[in-house]
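Q:
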Amino acid sequence: MSSVLVKGFTDKTAVGFAFGSALAFGWYAYSPSFLPGISAEVLPIAGAITLAGLTPLAIVKYNIRRMTSGRALSMAQRLSALDRHAMVTIVNEKHELSEANDQFLEMTGYTRNELMGEQVLKVYDIAHRGLALEIRTCLQRGELWQGETPLRCKDGSIIYTHSTIMPLFDTKGVWKGSISVRTDITRTRQLLAERNVAESLHELRDDIWIVRADSEKFAYVNAAARRRLGWQDNEVERHSLSELAMQPGAKAIRSACRRMIERNETSTQFEETLFDVPFHISIKFLPSHHNDGRFLIVLNDISARIEQERAQSDFISTVSHELRSPLTSIKGAMGLMLSNATGDLPDKAVDLLGIAHRNADRLVLILNDILDLEKISAGRMEFTLDDVDMRDLIREAQVANANIGERFGISLEAIGLDDPLPLRTDPNRVIQVLNNLVSNACKFSKAGDTVAIRVRDEGDSLRISVRDQGQGIPLQDQHKIFEKFADLANSSRTTKGGTGLGLSICKAIVQSLGGTIGFTSVEGVGTTFFFNLPKLEAISSEASNEPKLRVAS
267 MSSVLVKGFT
277 DKTAVGFAFG
287 SALAFGWYAY
297 SPSFLPGISA
307 EVLPIAGAIT
317 LAGLTPLAIV
327 KYNIRRMTSG
337 RALSMAQRLS
347 ALDRHAMVTI
357 VNEKHELSEA
367 NDQFLEMTGY
377 TRNELMGEQV
387 LKVYDIAHRG
397 LALEIRTCLQ
407 RGELWQGETP
417 LRCKDGSIIY
427 THSTIMPLFD
437 TKGVWKGSIS
447 VRTDITRTRQ
457 LLAERNVAES
467 LHELRDDIWI
477 VRADSEKFAY
487 VNAAARRRLG
497 WQDNEVERHS
507 LSELAMQPGA
517 KAIRSACRRM
527 IERNETSTQF
537 EETLFDVPFH
547 ISIKFLPSHH
557 NDGRFLIVLN
567 DISARIEQER
577 AQSDFISTVS
587 HELRSPLTSI
597 KGAMGLMLSN
607 ATGDLPDKAV
617 DLLGIAHRNA
627 DRLVLILNDI
637 LDLEKISAGR
647 MEFTLDDVDM
657 RDLIREAQVA
667 NANIGERFGI
677 SLEAIGLDDP
687 LPLRTDPNRV
697 IQVLNNLVSN
707 ACKFSKAGDT
717 VAIRVRDEGD
727 SLRISVRDQG
737 QGIPLQDQHK
747 IFEKFADLAN
757 SSRTTKGGTG
767 LGLSICKAIV
777 QSLGGTIGFT
787 SVEGVGTTFF
797 FNLPKLEAIS
807 SEASNEPKLR
817 VAS
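Heads up: the sequence shown begins at 267 in the working numbering, then just goes up one per residue.
#1: Give the DSSP-derived three-state secondary structure of Pro544 in the structure shown.
#2: By Cβ distance below 6 angstroms, which residues in the same chain neighbour Ala518 in space, the five residues on each side in sequence not counted?
#3: What ranges does the alpha helix (DSSP H) occupy inside the segment 630 to 705, keeping only unbroken runs of at least 4 residues that lie completely in it?
#4: Assign Glu360 to one of two classes, buried (16 or more other C-beta atoms within 10 Å of its C-beta) or exposed (fewer than that).
#5: What three-state label does DSSP hand Arg628 in the structure shown?
#6: Run the CB neighbour count on Lys801, radius 10 Å, all protein chains shown included, and call it buried at 16 or more, exposed below.
#7: Would you kindly work out how many angstroms separate the C-alpha atoms of Gly682 and Leu799, rounded to a whole number?
#8: Going by C-alpha to C-alpha distance, which of Ile642, Ile632 and Asp684 sits closest to Arg657?
#9: Please name the residue in Asp436, Thr437 and Thr449 whose C-alpha comes closest to that of Ser429.
#10: Measuring CB atoms only, is the segment 686 to 694 touching the segment 648 to 668, in the sense that at least three cross pairs come out at less than 8 angstroms?
#11: If you drop the 5 nearest sequence neighbours on each side, which residues of the same chain put their C-beta closer than 8 angstroms to that of Ala516?
#12: Do you know how far the Cα of Gly601 is from the Cα of Glu588?
#13: To the nearest angstrom, how far is the alpha carbon of Cys404 from that of Ser554?
#14: Within its chain, find whatever has a CB closer than 7 angstroms to the CB of Thr355; leave out the 5 residues flanking it on each side and keep chain order.
#15: Please name the residue, chosen from Glu679, Ala680, Leu678 and Ser579, that lies closest to Lys641 on a Cα-to-Cα basis.
#16: Check each candidate in Gly559, Asp480, Asp472 and Ile527 and name the one with the smallest Cα separation from Arg492.
#17: If you draw a straight line from the alpha carbon of Leu309 to that of Lys442, how long is it in whole angstroms?
#18: If I measure Cβ to Cβ from Val389 and keep anything under 7 angstroms in the same chain, skipping five residues before and after, which residues do I get?
#19: Quick one: is Leu405 near chain C, going by C-beta distance under 8 angstroms?
#20: With a CB to CB cut of under 8 angstroms and the five nearest residues on each side skipped, what residues in its chain are close to Asn822?
#21: Taking C-alpha atoms, which residue in Met432, Asn669, Glu372 and Leu410 lies nearest to Lys420?
#22: Which same chain residues, not among the five before or five after Glu384, have their C-beta less than 8 angstroms away from its C-beta?
#23: Here's the rule: buried if 16 or more other CB atoms are within 10 angstroms of the residue's CB, otherwise exposed. What is Arg478?
#24: Should the segment 669 to 680 be called in touch with the segment 709 to 717, which here means at least 3 C-beta pairs below 8 angstroms?
#25: Label Val585 either buried or exposed according to how many other C-beta atoms from any shown protein chain fall within 10 Å of its C-beta, with 16 as the threshold for buried.
#26: Find out if the Cβ-Cβ distance for the pair Thr452, Ile425 is shorter than 8 angstroms.
#27: Roughly how many whole angstroms lie between the Cα atoms of Val440 and Gln406?
#28: Roughly how many whole angstroms lie between the Cα atoms of Leu381 and Leu387?
#29: Are there any heavy atoms of the ligand HEM lying less than 7 angstroms away from the beta-carbon of Leu678, as far as the coordinates show?
#30: Measure from the alpha carbon of Pro514 to the alpha carbon of each residue in His505, Phe484, Ile527 and Phe545, then state which is nearest.
#31: With 16 other CB atoms within 10 Å as the buried threshold, where does Ala312 fall?
#32: How close, in whole Å, do the beta carbons of Ser711 and Gln735 come, if the pair is a contact with beta carbons under 8 angstroms?
#33: Would you identify the three-state DSSP class for Lys801, choosing helix, strand or coil?
#34: Just checking my contact of Lys550 with Leu562 at CB under 8 angstroms: how many whole Å lie between their CB atoms?
#35: Label Arg576 either buried or exposed according to how many other C-beta atoms from any shown protein chain fall within 10 Å of its C-beta, with 16 as the threshold for buried.
#36: Could you please give the first and the last residue of the uninterrupted beta strand (DSSP E) stretch that includes Met432?
Below, the structure is given as structure tokens:
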């Protein structure tokens, strides 16, 4: 570049000298004819010398001015283009924003008045303040910084920019701030992320569908889904959910998607059979600013799990049935001996038989719980629905648990039984839940405490709660309270009795009856277990799409 400029300058200088020499010769030759006296002798020579010297200088000056103005125009054009297509900011030595172009303001959503004089950290998210300080240190060393910078917009959203940030110094070399030139790469990052996600989804063994919410047309299916559906990659977008409506499982998926939109839900999951294969189906709604959003549908083949559960269930059922018959006989024989049906026994023998009889009772209870849980898990437990008054069930539970209350020194109190509480449910199963909750409350309360059984009408459901004044459930154990054989930190199951299955059975029964169950607990204060059951009108007006246990009526 410099050699070209030197050559241009030299060429124009030579032209200037040649032109100056021609003018000087002309002046010297013709000026004496119109100059009088001595002037005709002196001025031609002086004029020729002046013209020969000044003419090249004038030509060079003219060309330098033209070149300089051309370069200034070119630089102005470049700055104008930069201003239109990039985000430009200037920061002073106090790390305050002193200038921001329209592109920067438009992308971040701020006005000029909102930013000028503010610390540059204002446009960095708290999570990225460390990056801003790293950039500042680099600039103060006089180094240029390039890289990716996330910026926080006025509305709290994050945009990603590729930035070139240059330090600014005064004539004495003192750091006076920086100038930043940024380009928005947010969309590029999104596209790369989507591509990476698509590549990951493509390799998954689960079937993955992405369906447009507005048209129900497929936007994407991974390789596993294409093989099952028999589609080629280039024909996916021609298909829609409606084409699969003849398949019961696909119909359930379509209904679930529509229900999510109607209820403004973001996710749902259920189990359904599709193409003669049992699947656990998870649906997540992905909103979008550009369209009505999409559904991400993941179909996980659970054939192996179901087969394993079936084998486990069959084993448990067989063992339990095989054990219960001889155990019942043993228990009956010990009962006869304790009743002196075989004659009087020594006191020592009576004590030993009493221990054996109580353990036999406990084994029968365990077997019954295991069988109940197995029936519920397999969907084989029958529920007989009947019209009942919830007050009668609570009174029955109160009477049934009076003995255990007396054994632990606990009094039972029923609250909220003034008005009729009609309900259509399985009374035997509700009593089973109540007995479990009340007996647990008695076992884990202190002598002299009161266990309160309360019922409350909540409009479309009845809430039944059982409150104790015991030691409460430790916070670290509360998440596993409904698990089978849950091992709790302060559990005294071995001394209080119990199988560790009761609460998991209660949960399964309540959910099968269309209700919900939960608890609140404070250590050192007590625990309240509660469950809600839908009332008559709720059952008749609302049908669930989830699989239900078989109901006998």
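Beta carbons: idealized from backbone N, C-alpha and C, even for Gly.
A: On the basis of the supplied data:
#1: It is a strand residue.
#2: Result list for Ala518: Glu538, in chain order.
#3: For the segment 630 to 705, whole alpha helix (DSSP H) runs of length 4 or above, ordered along the chain, are 656 to 666 and 668 to 674.
#4: The question names Glu, but residue 360 is Lys in the sequence shown. It is exposed - the Cβ of Lys360 has fewer than 16 other Cβ atoms within 10 Å.
#5: In this structure, Arg628 counts as helix in the three-state DSSP scheme.
#6: By the neighbour-count rule (16 or more Cβ atoms within 10 Å), Lys801 is buried.
#7: Computed Cα separation, rounded: 16 angstroms.
#8: Nearest of Ile642, Ile632 and Asp684 to Arg657, Cα basis: Asp684.
#9: Comparing C-alpha distances from Ser429 to each of Asp436, Thr437 and Thr449 shows the shortest one belongs to Thr449.
#10: With the cut-off at 8 angstroms, the segment 686 to 694 and the segment 648 to 668 touch.
#11: Excluding sequence neighbours, Ala516 sits near Leu507, Leu510 and Leu540.
#12: If you take the alpha carbons of Glu588 and Gly601, they lie about 21 angstroms apart.
#13: So the alpha carbons of these two residues sit roughly 39 angstroms apart.
#14: Once the five neighbours on either side are set aside, the close Cβ partners of Thr355 are Leu363, Glu365, Ala366, Phe370 and Ser446.
#15: Check the Cα spacing between Lys641 and each of Glu679, Ala680, Leu678 and Ser579: the tightest is with Ser579.
#16: When only C-alpha atoms are compared, the closest one is Asp472.
#17: Summary for Leu309: the model assigns pLDDT 46, below 50, so the residue's position carries little reliability, and this model does not support an answer.
#18: Hits under 7 angstroms: Thr374, Leu417 and Arg418.
#19: Absent from the structure: chain C. Only one protein chain is present.
#20: The requested residue 822 is not part of the displayed model; the chain covers only 267 to 819.
#21: It is Glu372.
#22: Residues Glu362 and Leu363 of the same chain have their beta carbon placed closer than 8 angstroms to that of Glu384, with the five preceding and five following residues left out of the count.
#23: Arg478 should be labelled buried.
#24: With a cut-off of 8 angstroms on Cβ pairs, the segment 669 to 680 is in contact with the segment 709 to 717, counting three or more such pairs.
#25: Note on Val585: under 16 other CB atoms within 10 angstroms of its CB, so exposed under the neighbour-count rule.
#26: Yes, they are a contact pair.
#27: So the alpha carbons of these two residues sit roughly 10 angstroms apart.
#28: Using only the alpha carbons, I get a separation of about 11 angstroms.
#29: Questions concerning the ligand HEM fall outside what the structure shown contains, since it holds no ligand whatsoever.
#30: Distances from the CA of Pro514 to each of His505, Phe484, Ile527 and Phe545 were compared; the closest alpha carbon is that of Phe545.
#31: Annotation note: pLDDT 49 at Ala312 (below 50); position unreliable, coordinate value reported separately. Classification of Ala312: exposed, given that the 10 Å Cβ count is below 16.
#32: Correct: roughly 6 angstroms between the Cβ atoms.
#33: Reduced to three states, the DSSP call for Lys801 is coil.
#34: Approximately 5 angstroms separates the beta-carbon atoms of Lys550 and Leu562; this is inside 8 angstroms, confirming the contact.
#35: The residue is exposed, with fewer than 16 neighbouring Cβ atoms inside 10 Å.
#36: Looking at the DSSP string, the run of the beta strand (DSSP E) that includes Met432 is Ile424 to Phe435.
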